[in-house]
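Taking the UniProt record's numbering, the leading residue of the sequence shown gets 1, the next gets one more, and so forth.
Ideal Cβ positions, reconstructed from N, Cα and C, are used throughout, including at glycine.
Because the structure is a prediction, the values reported are computed rather than measured.
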Amino acid sequence: MTEKTPMKSIFDAKLASPSRLADGVSDAIAAALFDGRISPGEPLPPEGVIAREFGVSKPIAREALRQLTAAGLIFTQQGKVARAKALSGEPMERIYGYAVRSSLKRLQEANEMRRVIEAGIARLAAERRAPEGLKAMKQGLEDMHTSLRDPSGFTEADILFHLGLAMATGNAMIRVQMEGMRSVQREVSELFSRRANRTDADWRATIERHRSIYDAIMAGDTDLAEDRIRAHFDAADIASLEVADKLAGGEA
């Protein structure tokens with residue numbers, strides 16, 4: 001595609017505020033990405049075409065594309081047009097990862113955030129029970145059984161289970177949020193792996209807590225699903241305190 005190629009407009013090119021032109025351009029392109037006018041992997045129009053369509057300069061169009069790249073909505077390569085990316089929680093995952101690795105306090109806050117968010121997710125998952133999510137949760141449980149005493153494998157199984165929980169809601173934005181929290185799950189799991197006294201019974205108790213969540217969701221019991229995920233986090237908090245007590249410094 002060249003800058004002279006005629007094409008049908010795929011953007012709403014009316015900018016509301018001329019004082020924030022780059023923001024207006026990036027908002028309009030993002031809207032086209034979110035509502036499916038531009039599919040994942042599809043090329044965006046060249047920079048010059050975007051500039052002409054919005055009636056802005058090339059530097060403004062370039063800044064808008066930089067904003068979208070930083071947000072993880074498009075990817076660019078030198079000398080090539082930008083392409084749309086599939087919606088994912090990758091940008092949030094990086095931010096949460098930086099935060100939870102910065103201090104024990106941030107990690108505890110992130111885990112508290114998960115408790116609040118996932119309680120609501122469990123209720124909606126039990127109400128909707130989207131098949132794709134239920135399948136992922138079941139696979140996560142199976143992978144946990146085959147990953148006993150393997151912290152890395154168990155962590156990935158745990159992440160898959162909770163992603164399945166989000167997918168069971170049928171809500172794409174909830175799925176993205178759960179993807180963003182993967183770095184929190186990984187950091188908590190790494191702390192747990194420091195517990196030299198973790199027994200087979202501990203591992204199996206973790207699996208059973210997840211199974212009880214799955215069973216409640218399969219039964220469509222919203223109250224029970226929320227109760228069981230809160231119980232899961234209560235148990236995880238106790239384990240977290242055991243680990244935290246052994247960490248030197250007690251940083252904030």
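Rounded distance between the beta-carbons of residue j and residue i, thought under 8 Å
i, j, result
"H145", "I217", "Their Cβ separation, rounded to whole angstroms, is 19 Å, which puts H145 and I217 out of contact at 8 Å."
"E93", "S183", "5 Å"
"K230", "A119", "Looking at the sequence shown, residue 230 is not Lys but Arg. Indeed, because the Cβ distance is near 6 Å, the residues count as touching under 8 Å."
"G72", "P91", "4 Å"
Distance CB(residue i)-CB(residue j) smaller than 8 Å
i, j, result
"D221", "A125", "no"
"Q185", "D143", "no"
"L160", "A136", "yes"
"residue 271", "R37", "With the chain covering 1 to 252 only, the question about residue 271 has no answer from this structure."
"S39", "A84", "yes"
"A168", "R128", "yes"
Residue i versus residue j: straight-line alpha-carbon distance, rounded
i, j, result
"S19", "A32", "Caution is warranted here: a pLDDT of 47 is assigned to S19, below 50, making its placement in the model unreliable, and no coordinate value can be reported."
"Q177", "V56", "34 Å"
"P131", "L104", "37 Å"
"A82", "L21", "19 Å"
"S189", "R228", "20 Å"
"T199", "H162", "23 Å"
"Q77", "A166", "32 Å"
"F34", "E42", "13 Å"
"residue 255", "D223", "Absent from the structure is residue 255, since the part of the chain shown begins at 1 and ends at 252."
Backbone secondary structure at residue i - three-state DSSP
i, result
"R62", "helix"
"P45", "coil"
"I10", "coil"
"I38", "coil"
"R129", "coil"
"R186", "helix"
"A84", "strand"
Beta-carbon contacts of residue i that lie in its chain and below 6 Å, excluding the five residues immediately before and after
i, result
"A99", "R106"
"R115", "F233"
"E251", "Summary for E251: the model assigns pLDDT 45, below 50, so the residue's position carries little reliability; its value from the coordinates is reported in the next sentence. Closer than 6 Å at Cβ, skipping near neighbours: S103, L104."
"G89", "V176, E179, G180"
"L65", "A82"
"S147", "G153, F154, A157"
"W203", "L148"
Close beta carbons around residue i, own chain, < 7 Å, minus the five adjacent residues each side
i, result
"R101", "E187"
"Q139", "L160"
"A172", "L87"
"A30", "L68, L73"
"E226", "A119, A122, R123"
Other residues of its chain near residue i: CB distance less than 8 Å, five sequence neighbours each side excluded
i, result
"K58", "E47, G48, A51"
heavy atom of the ligand SAH below 7 Å from residue i C-beta
i, result
"P131", "No copy of the ligand SAH occurs in the structure displayed, which carries no ligand at all."
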